[in-house]
Amino acid sequence: MSHKSKKAAPEAPSEESVTTKSAESQEQPTTPPEGRSSMRKNKQVVWHYTYNHIVDILQSGVLLPPMMTPHFNERNSSILELGESIKKDKGFQADSKLLLFSQRADWEPASYRAARLGGRIIPVHRLDDYELYGWRVYRVGVSRDLLHPWMRLKRLCGMPPAMARALEQVARDLGSNPYDWWAR
Amino acid sequence: MGTLKPVPDTKWKAVEIYDPETKTWQELERNWESAQVVFGMDGRVLKGKEHIQRILRTGVGEDLRVAHLRKFAEREAPDAR
Chain A
1 MSHKSKKAAP EAPSEESVTT KSAESQEQPT TPPEGRSSMR KNKQVVWHYT YNHIVDILQS
61 GVLLPPMMTP HFNERNSSIL ELGESIKKDK GFQADSKLLL FSQRADWEPA SYRAARLGGR
121 IIPVHRLDDY ELYGWRVYRV GVSRDLLHPW MRLKRLCGMP PAMARALEQV ARDLGSNPYD
181 WWAR
Chain B
1001 MGTLKPVPDT KWKAVEIYDP ETKTWQELER NWESAQVVFG MDGRVLKGKE HIQRILRTGV
1061 GEDLRVAHLR KFAEREAPDA R
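Protein chains in written order, with our numbering: chain A, 1 to 184; chain B, 1001 to 1081.
In structure tokens:
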């Protein structure tokens, strides 16, 4: 793999601006994507963020929902921490079906991962922090017209409303906006 | 519910890597060869049905790059959660 071109990434929001955006998101949500013109919808590229799985993704040439990926059972944090019984949980099943994308051009804060250090799990939120753990961050862009907006898909996949609300709240606290999310 | 839909690379617009030194996203040059037919963990065809149908229709085989995700699962799992 080699680099072909460079694109300037917009500056990541500061903590202050994250707080501001989070507050705005709760009080006055962004216009739902369904309301925008179809022309704009078709043109927009949305991004799926990935890390150490990039080799599998490029060799297979296919992006998969988590449940269908090769290492799902041995690497899913919920299964590791709560055991196989979590697979019967409706919320777990819904979450495992979703292949998520974001329309943000710089970075999707809700796509963060966690590092295990000395038995402790440490979330890694900032894009620039991934280098500390030796992780490169990749993203695959697709046209938004292939996807459904999160607000619709959370119902289609059968996610319990309380879980969806909790996910959205956590994401907003991180500076993410669920109206930026698209999924398949 | 119908959300378990893969996105094959025929639908991809770009693959990019983040460069923390320049704080830019850089597009990867397409110099790898992906599988043309992919079988999922449960044996279902996830990509390349048209290749298989053509072989069945014509009776003529062809050299295809085939990936079985079960083989991928036998590799060491990536470290990221």
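A virtual CB, placed ideally from N, CA and C, is assigned to each residue, including glycine.
Using a Cβ-Cβ distance cut-off of 7 angstroms, determine whether residue i contacts chain B.
i         : result
Leu-146/A : yes
Asp-128/A : yes
Gly-91/A  : no
Lys-97/A  : yes
Arg-184/A : yes
Val-45/A  : yes
Ile-79/A  : no
Using a threshold of 7 angstroms, state whether the C-beta atoms of residue i and residue j are closer than that.
i          : j          : result
Trp-150/A  : Phe-101/A  : no
Pro-70/A   : Phe-1072/B : yes
Val-140/A  : Tyr-130/A  : no
Val-1007/B : Leu-1028/B : no
Val-1037/B : Leu-1064/B : yes
Lys-1047/B : Val-62/A   : yes
Tyr-49/A   : Trp-135/A  : no
Arg-144/A  : Lys-1005/B : no
Ser-176/A  : Ala-110/A  : yes
Gly-91/A   : Pro-160/A  : yes
Ser-60/A   : Ala-1067/B : yes
Asp-180/A  : Gln-103/A  : yes
Trp-1025/B : Leu-58/A   : no
Pro-123/A  : Ser-96/A   : no
Could you name the residues of chain A that residue i contacts, counting a contact when the two beta carbons are closer than 9 angstroms?
i          : result
Leu-1046/B : Ser-60, Val-62, Leu-64 and Met-68
Leu-1064/B : In chain order: nothing, as chain A lies at least about 12 angstroms away.
Could you name the residues of chain B that residue i contacts, counting a contact when the two beta carbons are closer than 9 angstroms?
i         : result
Tyr-138/A : Val-1015, Glu-1016, Ile-1017, Tyr-1018 and Leu-1028
Run through chain B and tell me which residues come within less than 7 angstroms of residue i, C-beta to C-beta.
i         : result
Asp-56/A  : Phe-1072
Glu-131/A : Pro-1020
Could you tell me the alpha carbon to alpha carbon distance between residue i and residue j, rounded to whole angstroms?
i          : j          : result
Glu-84/A   : Thr-1022/B : 42 angstroms
Arg-120/A  : Leu-1056/B : 53 angstroms
Lys-1013/B : Pro-178/A  : 22 angstroms
Tyr-133/A  : Lys-1049/B : 39 angstroms
His-148/A  : Leu-98/A   : 11 angstroms
His-125/A  : Leu-174/A  : 8 angstroms
Glu-74/A   : Ile-86/A   : 13 angstroms
Glu-81/A   : Tyr-1018/B : 30 angstroms
His-53/A   : Arg-1054/B : 31 angstroms
Arg-1030/B : Asp-128/A  : 25 angstroms
Ala-1035/B : Ile-1052/B : 13 angstroms
Glu-108/A  : Arg-165/A  : 18 angstroms
Pro-1020/B : Asp-106/A  : 12 angstroms
Using a C-beta to C-beta distance shorter than 7 angstroms, which residues of chain A count as neighbours of residue i?
i          : result
Gly-1040/B : Met-68
Val-1060/B : Chain A residues near Val-1060/B: none, gap ~23 angstroms exceeds 7 angstroms.
At the 7 angstroms Cβ level, is residue i part of the contact set with chain A, yes or no?
i          : result
Leu-1004/B : yes
Lys-1049/B : no
Leu-1056/B : no
When the cut-off is 7 angstroms and only beta carbons count, does residue i lie next to chain C?
i          : result
Val-1037/B : Among the chains of the structure shown, chain C does not appear; the protein chains present are A and B.
Using a C-beta to C-beta distance shorter than 8 angstroms, which residues of chain B count as neighbours of residue i?
i         : result
Val-170/A : Simply none; closest approach about 16 angstroms.
Gly-141/A : Trp-1012, Lys-1013, Ala-1014, Val-1015 and Glu-1016
Note to self: Whether or not the region 1058-1068 of chain B and the region 163-181 of chain A are in contact is what I'm after, with contact meaning three or more pairs of Cβ atoms, one per stretch, closer than 8 angstroms; do they touch?
What the structure shows: Contact between the region 163-181 of chain A and the region 1058-1068 of chain B is absent, with fewer than three C-beta pairs closer than 8 angstroms.
Item checked: At least 3 beta-carbon pairs within less than 8 angstroms: the region 106-114 of chain A vs the region 150-161 of chain A -> No contact exists between the region 106-114 of chain A and the region 150-161 of chain A.
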